[in-house]
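Chemist: Positions in the sequence shown are counted from 1; adding 1423 to them yields our numbering. The structure that follows is given in the form of structure tokens.
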Amino acid sequence: MKILIFLFLVLVILAACTPAHQKKTDSQVSEKHEWALVVHGGAGNLNPDDFTDEKEKAYREKLSEALSAGGKVLENNGSALDAVETAVRILEDSPLFNAGKGAVFNADGVNELDASIMDGLTLNAGAVANVTRIKNPISAARKVMENSSHVMLIKEGAEQFAAEQNIEMVDPGYFYTENRYKSLEQAKERENKNLEDKTKKSGTVGCVALDKNGNIAAGTSTGGMTNKKYGRVGDSPIIGAGTYADNNFCGVSATGHGEYFIRNVVAYDIAARMKYKGETAEFAANDVITNKLKAIDASGGVIVLDKSGNITMPFNTSGMFRGYLYPGDGPEIFIFQDNQENPNQ
Ligand code: ASP
């Protein structure tokens, strides 16, 4: 009897000592999803007044299209990597987002693209940076991961490798969009007048998928930041900063002011907090984005998908193009803050 009372007391004490963020884990994993998919199209100063109905519809439709195409891959027993590549390619091909066609211009008036992808099963990863002729940088990143012994290739070397891998190459003019060129001119004007750039518009794209085999993959693709100079590379192609995936914990794709995301190793920080502190994806991601980064004026957001299919999409800007898809449901798309919804409730 005494031993039973002792055991009971030990259990009571253990329960009382469990931090709040760990307790949440148990309730959150109650529903395991067969597969799950989440995408983002960048975080930034997104003001509803700047969106006509048509413009908003166009963004919603393109995000839905990416989710539906990726979801189809997962529904048909495809891999998380295939789903991520499929969804990101659709967003890269759309002039709406700052990736592939529609990427922002650097200071020399060139579209320099960065992308990365990571496989949560093997922890393999691939990335390309500063490429100007690869139509879909996410596919080149995947080839780097699968068909080379390296993780990151840059500039002409990356392009030579991509061409050898039969990746579609285009003339750099393919990436031109009038909108982005105007943004470059405005950025230069502000720079000449020594004005701070408060627009913080974005459009980087990313995707995280969980497939039926429990594998997680994450990918991110971007044109970086308007008016970037000197071969600047942001967080998007940096494994651990802009992209991370580990089947045991989560997949992460980030968007925001890359320098801060690199210095704070944002994507890995979220996974590491789950691994070493037992935090839920939701708690870890929220704390990193809305407390840690916000405190140092680092704008941006992340999409995170854990091994049970729980999704969280925190950001500290006025908006983030984002959406998710679960089996049997239609895509759920959000742009502004007031639409924020917790998909796990
Ligand atoms: N993170 C990207 C970069 O710094 C930009 C963005 O997400 O808006 O290159």
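Heads up, the beta-carbon is just placed ideally off N, CA and C, and yes, glycines get one too.
(1) Going by DSSP in three states, R1556 sits in which element: helix, strand or coil?
(2) Could you tell me the boundaries of the beta strand (DSSP E) in which G1464 lies?
(3) Between F1744 and the ligand ASP, is there a pair consisting of the residue's CB and a ligand heavy atom that are separated by less than 7 Å?
(4) Do N1521 and the ligand ASP come close, with the Cβ less than 7 Å from some heavy atom?
(5) From the DSSP output, read off the bridge partner residues of D1537.
(6) Keeping to the same chain, check which residues put their C-beta closer than 8 Å to that of V1574; ignore five residues upstream and five downstream.
(7) Taking only beta-carbon positions, decide if W1458 is within less than 8 Å of chain D.
(8) Which partner residues of T1735 appear in the DSSP bridge assignment?
(9) Assuming contact is defined by CB atoms lying nearer than 8 Å, are P1560 and E1515 in contact in what I supplied?
(10) Provide the residue span of the alpha helix (DSSP H) that contains G1654, from first to last.
(11) Pop quiz: N1529 and N1709 are said to be a contact at Cβ under 8 Å. What is the actual Cβ separation, rounded to whole angstroms?
(12) Could you check how far apart the C-beta atoms of F1738 and G1723 are, in whole angstroms? I think they sit under 8 Å.
(13) Beta strand (DSSP E) containing M1697: first to last residue?
(14) Could you tell me which of A1707, D1669, D1720, C1673 sits nearest to G1679, measuring between CA atoms?
(15) How about E1535 and T1555: are their beta carbons less than 8 Å apart?
(16) Under the assumption that A1503 contacts N1638 (Cβ atoms under 8 Å), give the Cβ distance between them as a whole number of angstroms.
Modeler: Per the coordinate set shown:
(1) DSSP places R1556 in coil when its eight states are reduced to three.
(2) Segment 1459-1467, the beta strand (DSSP E) holding G1464.
(3) No, since every heavy atom of the ligand ASP falls outside the 7 Å radius drawn around the Cβ of F1744.
(4) Within the cutoff, so yes.
(5) The partner list for D1537 (beta bridge, DSSP) reads T1645.
(6) The residues are A1548, G1549, A1550, V1567, M1568, I1662.
(7) The chain inventory of the structure shown lacks chain D, comprising one protein chain alone.
(8) Note: T1735 sits in a beta bridge opposite V1727.
(9) Against a cut-off of 8 Å, the Cβ pair of E1515 and P1560 comes out as a contact.
(10) Counting along the chain, G1654 falls outside any alpha helix (DSSP H), and DSSP gives it neither H nor E.
(11) Not quite, the Cβ-Cβ distance comes to about 33 Å (not below 8 Å), so this is no contact.
(12) The beta-carbon distance between F1738 and G1723, rounded to whole angstroms, is 7 Å. This is short enough to meet the 8 Å contact definition.
(13) Element bounds for M1697: not the beta strand (DSSP E) but the alpha helix (DSSP H), 1689-1700.
(14) Of A1707, D1669, D1720, C1673, the residue nearest in Cα terms is D1720.
(15) E1535 places its beta carbon less than 8 Å from that of T1555.
(16) That pair is a contact at about 5 Å.
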